[in-house]
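A quick write-up on the structure given underneath.
In this note's numbering, the protein residues as written are 115 to 212.
Structure representation (structure tokens):
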């Protein structure tokens with residue numbers, strides 16, 4: 115279907131009026147853009163954090179093959195999100211080997 119360039123210009127000019135009854139609606143919509151941005155940013159961050167929690171070393175998804183996954187970790191494995199003053203390379207394993 116062929117559309118003339120005039121249709122494109124008319125459509126872009128009239129597009130805001132299709133969604134708002136008054137031009138003041140555009141002014142209100144501009145103020146909502148940051149709110150939608152930060153809501154989506156927060157939802158994305160929360161989703162990534164849930165994925166990180168689900169893939170953690172303390173989570174068991176298969177109890178038959180790997181009932182205690184935390185016992186298979188190396189003592190120098192850094193499983194904390196942020197460890198400021200801990201050097202995991204110099205740690206020694208404390209406790210028995212299971």
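Yeah, the Cβ is synthetic: ideal placement off N, Cα and C, and Gly gets one too.
Of the residues 174, 177, 204, 175, the one placed nearest residue 188, counting alpha carbons only: Out of 174, 177, 204, 175, 204 has the C-alpha closest to the C-alpha of residue 188.
Spatial distance of residue 148 from residue 179 (CA atoms): Looking at the backbone, the Cα of residue 148 and that of residue 179 are separated by about 47 angstroms.
Member of 182, 206, 181, 177 whose CA lies at the smallest distance from the CA of residue 191: Among 182, 206, 181, 177, the Cα nearest to that of residue 191 belongs to 206.
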